Amino acid sequence: MIVKKSFIKTLKDMTKWQRRFILLIMFNIILIVSFFTFLLMTPPTSDQLPESSYIEERGARFKVETTKQDLNELINTYIDDVLKTDQANFDVIVDDNVKLIGELFAFGVPIPLNVTMDPVVMENGDLVLKMNELSLGLLNLPRGRILHYINRQVETPDWLYFDSENEQIYIAVTSIEVESNIRFKVESLDLSTDVIVFTFNVPSGSTANITPSE
Numbered sequence: 003m004i005v006k007k008s009f010i011k012t013l014k015d016m017t018k019w020q021r022r023f024i025l026l027i028m029f030n031i032i033l034i035v036s037f038f039t040f041l042l043m044t045p046p047t048s049d050q051l052p053e054s055s056y057i058e059e060r061g062a063r064f065k066v067e068t069t070k071q072d073l074n075e076l077i078n079t080y081i082d083d084v085l086k087t088d089q090a091n092f093d094v095i096v097d098d099n100v101k102l103i104g105e106l107f108a109f110g111v112p113i114p115l116n117v118t119m120d121p122v123v124m125e126n127g128d129l130v131l132k133m134n135e136l137s138l139g140l141l142n143l144p145r146g147r148i149l150h151y152i153n154r155q156v157e158t159p160d161w162l163y164f165d166s167e168n169e170q171i172y173i174a175v176t177s178i179e180v181e182s183n184i185r186f187k188v189e190s191l192d193l194s195t196d197v198i199v200f201t202f203n204v205p206s207g208s209t210a211n212i213t214p215s216e
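Following this note's numbering, the numbering of the sequence shown begins with 3 at its first residue and continues without gaps.
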């Protein structure tokens with residue numbers, strides 16, 4: 003009771019702008035605490051993953067080798083089109099592992115997000131990004147719950163799946179639609195040696211749909 007009276011007296015002694023500033027800070031603290039409480043109370047759920055199969059179609063096959071630098075430029079050129087949201091801002095860095103750096107917005111307040119993932123190539127040519135480190139702000143929250151929240155805030159294409167329960171992201175590379183029915187898959191991805199190889203398959207008859215440039 004004494005503490006309460008002292009707090010009220012302190013507020014009265016402050017200027018109007020000081021009181022507004024203190025109340026604003028308290029309001030933001032309440033919002034952020036509510037946000038993290040929501041994260042802890044919400045059980046993570048995963049997207050239904052696709053079947054891990056790839057049908058080899060008859061046609062010409064080409065292997066394309068690239069580098070981490072080229073892959074970085076390609077990903078960050080299209081990331082805004084792939085991850086559509088007004089509630090987050092991301093950059094992807096491919097180095098010795100895959101890093102997702104940015105911020106999520108909770109009640110209009112930006113919260114720093116840092117994700118470190120290890121890529122694993124599936125037998126069918128798809129790619130799995132396994133969470134190595136994941137932090138939201140300064141708190142160490144369960145990674146599955148953070149991944150679940152990101153999934154709820156971000157609109158993703160049909161070939162990208164959030165497997166929150168297993169703390170990983172599944173990229174169905176073989177399901178990505180490319181012009182003229184060209185299909186591709188990941189052949190190898192070794193970031194430590196900078197060896198990144200994709201296999202492109204041009205099905206028979208697909209070239210008939212390609213319009214030559216003038």
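For each residue, glycine too, the CB sits at the ideal point set by N, CA and C.
Nothing here was measured: the structure is a model prediction, and the numbers come from that model.
Limits of the unbroken alpha helix (DSSP H) element including residue i
i, result
"R145", "R145 to Q155"
"T79", "K70 to V84"
Residues near residue i in its chain [Cβ-Cβ closer than 6 angstroms; skip 5 each side]
i, result
"F107", "Q89"
"I115", "The amino acid at residue 115 is misidentified as Ile; the sequence shows Leu. Closer than 6 angstroms at Cβ, skipping near neighbours: G104, E105, L106 and L138."
"P52", "A174"
"T2", "Residue numbering for the chain in the displayed model covers 3 to 216; residue 2 lies beyond these limits and cannot be assessed."
"S48", "D165, S166 and E167"
Integer Cβ distance of residue i from residue j, believed to fall under 8 angstroms
i, j, result
"V175", "V188", "5 angstroms"
"L136", "I173", "At roughly 17 angstroms, the Cβ-Cβ gap does not stay under 8 angstroms, so L136 and I173 are not in contact."
"M124", "K132", "So it is not a contact: roughly 12 angstroms between Cβ atoms."
"L102", "V117", "4 angstroms"
Other residues of its chain near residue i: CB distance less than 7 angstroms, five sequence neighbours each side excluded
i, result
"I81", "F92 and V94"
"Q170", "V130, L131, K132 and M133"
Nonlocal neighbours in the same chain, by C-beta distance under 8 angstroms from residue i, ignoring five residues either side
i, result
"L73", "V96 and I198"
"I152", "A90, L106, L115 and F164"
Delimiting residues of the beta strand (DSSP E) encompassing residue i
i, result
"R185", "R185 to D192"
"D93", "A90 to V96"
Strand pairing of residue i, partner residues [DSSP]
i, result
"T118", "K101 and E135"
"E67", "V199"
"L140", "Note: L140 sits in no beta bridge, so no partner."
"I171", "L131 and F164"
Quick check: the segment 191-205 against the segment 90-106, are at least 3 beta-carbon pairs closer than 8 angstroms? yes
Inter-stretch contact (C-beta, 8 angstroms, three-pair minimum) for the segment 137-146 and the segment 155-163: no
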